[in-house]
Amino acid sequence: MVTHARTRWPFFGLHAIAIAGLALGWWSAWPFVITLLAHLALLAWGSATPGAGFFIAHARSLPEGQLALTYDDGPAPDRTPALLDLLKREQVQATFFLIGERVERAPELAKRIVAEGHAIAVHTHRHPWWWGFMPASIASKEIARCAEAIVKATGSAPALMRPPFGVTSPATARAMRRSGLLPVAWDLRSFDTMSTDADVLAARVVPQLKRSSIVLMHDTAPSAIELTQALIREARTLGRKFVRLEAAMFQLRAVLAPLALGTICSILHPQLACAQSPPQPIAANDPLVMKLRAQAKADANVQAAFTQEKHIQGLAKPVTSEGRFAFQAPDRMRWQVSSPAEMTVVVNGKSVRMHEQGMERAVSPREKQVFAGIQRLIGALLTGSAFAEGGMPAEFFRDGGALLVELKPEQAGMKNRIDRIQLRFSIATMVLDELRILRPNGDATITRFQDAQRDVPLPTSTFTLP
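For the sequence shown, the working numbering assigns the number 456 to the initial residue and increments by one for each residue that follows.
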């Protein structure tokens with residue numbers, strides 16, 4: 456459930472009368488003083504009660520039967536690994552709200568959280584005690600720096616955030632709105648930072664599980680393991696389904712859609728996102744579309760240089776990279792990044808291998824999913840299966856000297872990750888110039904190709920690691 460109540464801040468007239476009355480000793484001003492104190496008390500309550508939605512809407516509950524275990528303040532090298540071991544044994548996925556500077560100190564631990572299937576989210580960069588008194592500009596930097604640290608360590612972009620202490624103010628609420636991240640509260644707080652006795656905490660928290668769906672804990676707390684075990688046992692007795700908030704809250708992100716779309720509108724190619732004169736729709740049997748279909752072939756291959764921008768909500772600047780790409784139908788791909796750091800990924804069928812920092816390293820499940828997905832998409836485009844009957848629904852547009860194709864995934868698993876795929880082909884050459892992947896949370900990955908060559912023989916070493 457998302458709740459949001461609007462407040463007027465401040466009531467200048469009321470405050471001015473009350474303060475003037477106190478300064479001048481007007482006894483008749485006391486009713487205003489009492490009202491002022493009541494108003495300030497209400498504001499304080501709203502600031503410290505995120506579920507109330509006093510300054511900004513928060514997601515605070517899930518559909519009946521679902522349960523999300525959430526952990527704040529990590530990653531903590533001395534405690535988080537043991538918690539991850541427990542969650543892995545119990546086959547439970549959770550959500551971790553991470554502090555950016557701790558991610559920077561323990562990037563491999565943050566990467567492990569993602570690799571084992573958990574969701575990660577923003578909990579600001581330093582978890583400042585004065586968050587509730589912060590100007591919006593500084594709060595925005597706290598959010599952005601945390602998101603940057605998470606992306607750098609894990610390659611995954613956060614879509615959710617939770618403010619420090621659950622506190623909001625008019626200023627921090629503005630920063631949270633600007634970030635495009637969905638604020639998440641809770642409906643069951645463990646208070647595990649106030650007691651180290653897991654039995655005492657469990658005795659208080661477990662009975663409340665029946666009417667709760669989002670549990671707030673801390674992976675930095677000494678009681679985290681024992682309390683989590685108790686909650687898992689009780690939840691399974693109640694027949695509850697454990698969910699990651701990242702997946703469970705896609706439907707709630709509609710609350711932030713205008714903000715997210717506005718942000719993307721400012722960064723995407725204006726002819727697709729913000730044009731005054733939009734591209735003109737054309738039919739699927741238009742000669743341009745038929746020309747595109749005609750060049751598809753089962754044994755196609757292509758190589759090109761690329762530049763890529765990842766536009767991520769909460770980050771002031773896109774994450775950029777450049778390198779070279781090669782593909783040989785039906786399922787061989789090489790993705791070689793030369794900047795900002797060297798990395799090579801080779802995909803042969805279902806095999807995904809990665810070379811980084813001078814040596815081959817293990818590929819995480821998330822990385823395998825991402826690069827295998829790119830391989831399948833490129834293969835479908837080159838062989839024509841993406842436009843064939845049974846493929847993704849496609850719409851076609853003419854925009855000056857370009858043919859625009861928009862694909863909309865229908866498979867449930869892909870729809871959760873990708874909203875639309877937009878392709879821009881040069882009409883003169885029918886070579887793919889630009890590929891945009893737009894995500895449900897407003898993030899966008901834009902890849903631009905240069906010096907593309909089709910059907911040129913590729914060396915046998917292309918699809919092997921250095």
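Ideal Cβ placement from N, Cα and C applies to all residues, glycine included.
DSSP-derived helix/strand/coil call for R853: Residue numbering aside, residue 853 sits at position 398 when the sequence shown is read from its first letter. In the structure shown, R853 sits in a strand (DSSP, three-state: E or B).
Contact belief for A755 with T838 at Cβ below 8 Å, rounded distance in angstroms: Taking the sequence shown and counting its residues from 1, one reaches residue 755 at position 300. Taking the sequence shown and counting its residues from 1, one reaches residue 838 at position 383. Contact flag correct, Cβ pair sits at about 6 Å.
For V757 and I923, the rounded distance between their alpha carbons: Any question about residue 923 goes unanswered here, given that the chain covers just 456 to 921.
CB of G954 within 8 Å of CB of C601, strictly: Summary: the structure shown does not reach residue 954, with the chain confined to residues 456 through 921, and so no result is reported for it.
Alpha-carbon spacing of F552 relative to P742, whole angstroms: For the purposes of this step, residue 552 is identified with residue 97 of the sequence shown, where counting begins at 1. For the purposes of this step, residue 742 is identified with residue 287 of the sequence shown, where counting begins at 1. Answer to the nearest angstrom: the Cα atoms are 51 Å apart.
Spatial distance of H766 from P895 (CA atoms): As a first step, residue 766 is located in the sequence shown; it is residue number 311 there, counting from the start. As a first step, residue 895 is located in the sequence shown; it is residue number 440 there, counting from the start. So the alpha carbons of these two residues sit roughly 13 Å apart.
Status (buried if at least 16 other CB within 10 Å, exposed otherwise) for D906: Translated into positions along the sequence shown, residue 906 becomes position 451. D906 is exposed by the Cβ-count criterion.
Cβ neighbour criterion (16 or more within 10 Å) applied to P725: Along the sequence shown, read from residue 1 onward, the residue named residue 725 stands at position 270. Caution applies to P725, whose pLDDT of 34 falls short of 50 and renders its modelled position unreliable; the model cannot decide the point.
Cβ neighbour criterion (16 or more within 10 Å) applied to L920: What you label residue 920 is simply residue 465 of the sequence shown in a count that begins at 1. Counting Cβ neighbours within 10 Å, L920 comes out exposed, since fewer than 16 surround it.
Member of P795, L747, L836 and R789 whose CA lies at the smallest distance from the CA of M809: On the sequence shown, position 354 is the one that residue 809 refers to. Of the candidates P795, L747, L836 and R789, the one whose C-alpha sits nearest the C-alpha of M809 is R789.
Cβ distance (whole Å) where Q824 is taken to contact R699 below 8 Å: Numbered from 1 along the sequence shown, position 369 holds the residue referred to as residue 824. Numbered from 1 along the sequence shown, position 244 holds the residue referred to as residue 699. Not a contact, Cβ separation roughly 15 Å.
Any chain B beta carbon closer than 8 Å to L878: Here there is only one protein chain, and chain B is not present.
Whole beta strand (DSSP E) elements within the segment 675-705, 3-residue minimum: none
Assumed close pair S678, A653 - CB separation to whole angstroms, cut-off 8 Å: Indexing the sequence shown from 1 puts residue 678 at position 223. Indexing the sequence shown from 1 puts residue 653 at position 198. The pair is a contact, with the Cβ atoms about 4 Å apart (cut-off 8 Å).
Nearest residue (CA-CA) to A537, options L517, W586, A599 and L682: Taking the first residue of the sequence shown as position 1, residue 537 is located at position 82. Cα-wise, what sits closest to A537 is L682.
C-alpha distance - V655 paired with D674, whole-angstrom precision: The residue you call residue 655 lines up with position 200 of the sequence shown. The residue you call residue 674 lines up with position 219 of the sequence shown. Their backbone Cα atoms lie some 17 Å apart in a straight line.
Among K596, W586, V660 and V606, nearest to P625 - alpha-carbon criterion: Here residue 625 refers to the residue found at position 170 of the sequence shown. Answer by Cα proximity: W586.
Where K607 sits in the DSSP three-state scheme: Against the sequence shown, residue 607 aligns to sequence position 152. In the structure shown, K607 sits in a helix (DSSP, three-state: H, G or I).
At least three beta-carbon pairs within less than 8 Å, the segment 605-622 to the segment 576-594: yes
Burial state of G897 (16 or more Cβ within 10 Å): For this step, residue 897 is matched to residue 442 along the sequence shown. Buried, since its Cβ has 16 or more Cβ neighbours within 10 Å.
Rounded distance between the beta-carbons of P734 and E850, thought under 8 Å: Residue numbering aside, residue 850 sits at position 395 when the sequence shown is read from its first letter. Residue numbering aside, residue 734 sits at position 279 when the sequence shown is read from its first letter. With 8 Å as the limit, E850 and P734 do not qualify as a contact, their Cβ atoms being about 10 Å apart.
Meets three-Cβ-pair contact criterion under 8 Å: the segment 558-573 and the segment 590-597: no
K765, enclosing alpha helix (DSSP H) - first and last residue: Here residue 765 refers to the residue found at position 310 of the sequence shown. K765 -> not in any alpha helix (DSSP H); beta strand (DSSP E) instead, spanning N756 to H766.
Under the three-state DSSP convention, the category E563 falls into: The residue you call residue 563 lines up with position 108 of the sequence shown. Looking at E563 - three-state DSSP - the assignment turns out to be helix.
Contacts around L643, its chain only, beta-carbon distance under 6 Å, and the 5 residues preceding and following it disregarded: One-based indexing of the sequence shown puts residue 643 at position 188. The residues are Q663, S667 and V670.
Element boundaries [beta strand (DSSP E), containing T535]: The residue given as residue 535 occupies position 80 in the sequence shown. Note, T535: premise wrong, no beta strand (DSSP E); alpha helix (DSSP H) at T535 to E545.
Whole-angstrom distance between V792 and F904, CA atom to CA atom: In the sequence shown, counting from the first residue as 1, residue 904 sits at position 449. In the sequence shown, counting from the first residue as 1, residue 792 sits at position 337. Going by the C-alpha atoms only, they are around 13 Å apart.
S595 in three-state terms, based on DSSP: Working through the sequence shown from its first residue, we reach residue 595 at position 140. Correct three-state label for S595: helix.
Opening and closing residue of the alpha helix (DSSP H) in which M745 lies: Taking the first residue of the sequence shown as 1, we reach residue 745 at position 290. Taken as a continuous stretch (DSSP letters only), the alpha helix (DSSP H) holding M745 covers P742 to A749.
Terminal residues of the alpha helix (DSSP H) in which V886 lies: Within the sequence shown, numbered from 1, the residue matching residue 886 stands at position 431. Per DSSP, V886 belongs to no alpha helix (DSSP H) and is neither H nor E.
Cβ-based burial, S794 [other Cβ within 10 Å; buried from 16]: Numbered from its first residue, the sequence shown carries residue 794 at position 339. Classification for S794: exposed.
Simplified DSSP state of M798, which is helix, strand or coil: Position 343 of the sequence shown holds residue 798. If DSSP states are grouped into helix, strand and coil, M798 belongs with the strands.
Close beta carbons around T917, own chain, < 7 Å, minus the five adjacent residues each side: Here residue 917 refers to the residue found at position 462 when the sequence shown is read from its first residue. If we look at T917 and ignore the five residues flanking it on each side, its Cβ neighbours are A781 and R789.
DSSP state of V860 mapped onto helix, strand, coil: As a working note, residue 860 is residue 405 in the sequence shown. V860: strand per DSSP, three-state reduction.
Residue span of the alpha helix (DSSP H) that contains I554, given as start and end: Here the question's residue 554 lines up with position 99 in the sequence shown. Careful: I554 lies outside any alpha helix (DSSP H) and carries neither H nor E.
Beta-bridge partners of H673, as assigned by DSSP: Translated into the one-based positions of the sequence shown, residue 673 becomes position 218. Looking at the DSSP assignment, H673 forms a beta bridge with D527.
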